[in-house]
Amino acid sequence: MTQVKQINWKTLVNWIDEKKSITILDIRPQNERDEWYIPESQYHNAYEKLKTGDFDALNDFEFDQRTPIITICAKGRLSLFAAEILANKGAEVYSLEGGMNAWNSAYDTQEIDFDHCKIIQVRRIAKGCLSYVIGSGTEALVVDSSLDPLIYKEIADKENWTIKFVTDTHIHADYVSRTLELTNETSAKHFFHSNAKVSYPFTAIHENEIIKLGNVNIRVLFTPGHTFESTSYIIDDKAILTGDTLFIDGVGRPDLKAENDQVFLKSKLLYESLQKIMKLEGEILVMPAHTSKPIFIGEAFINEKLEHLKEKIPSLKLEESAFIETLISKLPQTPPNYLTIAEINKTGNYEGYSLTELEAGANRCGVS
Ligand SMILES: [Fe+2]
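Every letter in the sequence shown is one number past the one before it in this note's numbering, and letter 216, counting from 1, is 213.
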């Protein structure tokens, strides 16, 4: 048996970022590919044959001998077999260790400098989850942590910031928040909207409260709808972190964690919250908690001026009743495991769960 070489997701992120010439070969079943994928990858439908141990499974896959191939499956096992077949054909081939489950942790960063602060966007590439490290002077605020707390600490250290505050824009249902863990590993103050029904202690914040961070003011804008505690943060009147209330290609969805009779109420609240956001200056940069598409490594900071979104997103132009009706009629499927994840996020304790299994799959927090 040919010894198959493996690489981890960090190496793959670097290779893509460096624009190294590679072929990423996805060999999962079609339905898994449809669910989520690495944008730079190619798909080859050979899963059934590979599963039976058929060494001819990749006979119709054409490749260039000079370009390294990285094989990818869900957990990094069948991709070893695919890599072995291609290695036998003379390819330079690597299997992605841990497969798409491991890719779930892959991230990159982009930043925007303002006069008195810097905002670093930390992007979980596969899921499109966006968290933010906002720094001013020597202090930082971390919003919507979804990755290992060490990553945020390293980002802050590099900038000579001390993490003073941490928060979540809302109780997430599509990934396990790492904010509580980050609080416990730093001396940061953990704030949350007073409506947040969580079992751990936090500092309650309220509408229009001003949080002083270094040389900037951060204003709390209560924007319920997606959830009852959803909150947006206005950073020095330059940017607004909108959580899952407003995205750059759509609006939040009101039904996650909601009983049917709450969907109407939440849709109404969402409409009112969006109206509040739309009253802000058109120049303000909207920075959401998600994208609906996988992120291309190295792509620009994901944000958009509010005035552009008013033009771009049709539902923002609707009257209340039409907005609610349209929203309810377009609700997509709920994310896998969302109830379990939301329950975990209410306690902050994920002991006994595998995060990669729980969080696998694309994000579905928005409605375009
Ligand atoms: Fe959400």
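Every residue gets a Cβ at the ideal spot worked out from N, C-alpha and C, and that includes glycine.
Nearest-angstrom Cα separation, counted from residue j out to residue i
{"i": "I237", "j": "K302", "result": "10 Å"}
{"i": "G73", "j": "L55", "result": "17 Å"}
{"i": "F58", "j": "R120", "result": "32 Å"}
{"i": "I4", "j": "E94", "result": "6 Å"}
{"i": "E322", "j": "L315", "result": "10 Å"}
{"i": "V130", "j": "K290", "result": "22 Å"}
{"i": "E37", "j": "I21", "result": "7 Å"}
{"i": "I338", "j": "T288", "result": "19 Å"}
{"i": "V140", "j": "Q62", "result": "45 Å"}
{"i": "A80", "j": "I35", "result": "18 Å"}
{"i": "L313", "j": "F261", "result": "17 Å"}
{"i": "F111", "j": "R175", "result": "27 Å"}
{"i": "L282", "j": "I325", "result": "27 Å"}
{"i": "T96", "j": "E206", "result": "What sits at residue 96 in the sequence shown is Gly, not Thr. Roughly 44 Å separates the two Cα atoms."}
{"i": "E280", "j": "L47", "result": "53 Å"}
{"i": "E108", "j": "L328", "result": "32 Å"}
{"i": "L306", "j": "K150", "result": "33 Å"}
{"i": "Q27", "j": "E354", "result": "19 Å"}
{"i": "N11", "j": "S142", "result": "22 Å"}
{"i": "Y350", "j": "R250", "result": "26 Å"}
{"i": "W158", "j": "G134", "result": "7 Å"}
{"i": "N212", "j": "A137", "result": "11 Å"}
Expected contact under 8 Å - CB spacing of residue i and residue j to nearest Å
{"i": "I294", "j": "I13", "result": "5 Å"}
{"i": "L218", "j": "I208", "result": "Actually they are not in contact, since the Cβ atoms of L218 and I208 sit about 12 Å apart, beyond 8 Å."}
{"i": "L271", "j": "T242", "result": "7 Å"}
{"i": "L179", "j": "A185", "result": "7 Å"}
{"i": "I69", "j": "S76", "result": "5 Å"}
{"i": "V195", "j": "E356", "result": "Contact doesn't hold; Cβ gap of about 19 Å is too wide."}
Where the beta strand (DSSP E) through residue i begins and ends
{"i": "E108", "result": "Y104 to D110"}
{"i": "L238", "result": "A236 to G240"}
{"i": "I116", "result": "K115 to R121"}
{"i": "T200", "result": "T200 to I202"}
{"i": "I35", "result": "Segment: none, I35 is in no beta strand (DSSP E) and carries neither H nor E."}
{"i": "S92", "result": "V90 to L93"}
{"i": "L218", "result": "V213 to F219"}
{"i": "K209", "result": "I207 to L210"}
{"i": "T68", "result": "I66 to I69"}
{"i": "T20", "result": "T20 to D23"}
{"i": "K2", "result": "K2 to I4"}
{"i": "T228", "result": "T228 to I232"}
Cβ-based burial, residue i [other Cβ within 10 Å; buried from 16]
{"i": "P285", "result": "buried"}
{"i": "E204", "result": "exposed"}
{"i": "L147", "result": "exposed"}
{"i": "D233", "result": "buried"}
{"i": "F189", "result": "buried"}
{"i": "Q118", "result": "buried"}
{"i": "F162", "result": "buried"}
{"i": "D165", "result": "buried"}
{"i": "F52", "result": "exposed"}
{"i": "D23", "result": "buried"}
{"i": "T228", "result": "buried"}
{"i": "A201", "result": "exposed"}
The alpha helix (DSSP H) enclosing residue i, as first and last residue numbers
{"i": "S318", "result": "E317 to S326"}
{"i": "T337", "result": "Y335 to T344"}
{"i": "K46", "result": "Y44 to K48"}
{"i": "E348", "result": "No alpha helix (DSSP H) holds E348; DSSP gives it neither H nor E."}
{"i": "L55", "result": "Unbroken run through L55: none, as it is neither H nor E."}
{"i": "F78", "result": "L75 to N85"}
{"i": "N98", "result": "G96 to W100"}
Proximity test, residue i beta-carbon vs ligand 2 heavy atom, cut-off 7 Å
{"i": "H167", "result": "Ligand 2 is absent from the structure shown, which contains only ligand 1."}
- [ ] Let me know the beta strand (DSSP E) ranges lying completely inside the segment 244 to 314, each 3 residues or longer, listed in chain order.
- [x] 282 to 285
Task: Inside the segment 123 to 197 only - beta strand (DSSP E) runs reaching at least 3 residues - done: With a minimum length of 3 residues, the continuous beta strand (DSSP E) runs that stay inside the segment 123 to 197 are 126 to 133, 136 to 140, 159 to 164 and 186 to 190.
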